[in-house]
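K.L.:
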Amino acid sequence: YHAAEAAQPVYEGIIRRIYNQVCQECQGDGKSKITFAQLKGKERAQQKADDDYDTRTPGPGVAWLYDIVRGCIEFTSADQIL
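Following this note's numbering, the numbering of the sequence shown begins with 21 at its first residue and continues without gaps.
This is the structure we're talking about:
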């Protein structure tokens with residue numbers, strides 16, 4: 021979890037830069053948005069690792085968690101996505 025806590029502000033900065041660049045290049049309509057979630061809860065992350073990834077190799081299951089730091093960009097046009 022220490023790595024996720026350290027990665028979160030870096031991730032958010034990268035996503036903001038991508039978002040701003042796309043909006044400038046595509047002359048965004050002002051309706052696009054970024055949403056950042058809180059870190060996935062420790063208990064939920066452990067449960068997911070145990071239930072969904074425990075049998076994957078190489079292990080352990082927690083090594084397969086990819087969504088502890090998360091967010092999304094919602095664009096309103098195909099030009100922004102492509």
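Positions of the beta carbon are idealized from the N, C-alpha and C atoms, including for glycine.
What runs of the beta strand (DSSP E), each 3 residues or longer, lie entirely inside the stretch 53-91?
P.N.:
53-56
K.L.:
Look at the alpha carbon of I38 and the alpha carbon of V82, and state the distance between them as a whole number of angstroms.
P.N.:
Within the sequence shown, numbered from 1, the residue matching residue 38 stands at position 18. Within the sequence shown, numbered from 1, the residue matching residue 82 stands at position 62. Each residue's Cα considered, the two are about 28 Å apart.
K.L.:
Do the stretch 24-32 and the stretch 86-97 make contact, defined as three or more Cβ pairs closer than 8 Å?
P.N.:
yes
K.L.:
Got a sec: does the ligand ZN put a non-hydrogen atom nearer than 7 Å to the Cβ of K60?
P.N.:
By its list of ligands, the structure shown contains no ligand whatsoever, and the ligand ZN lies outside what it can speak to.
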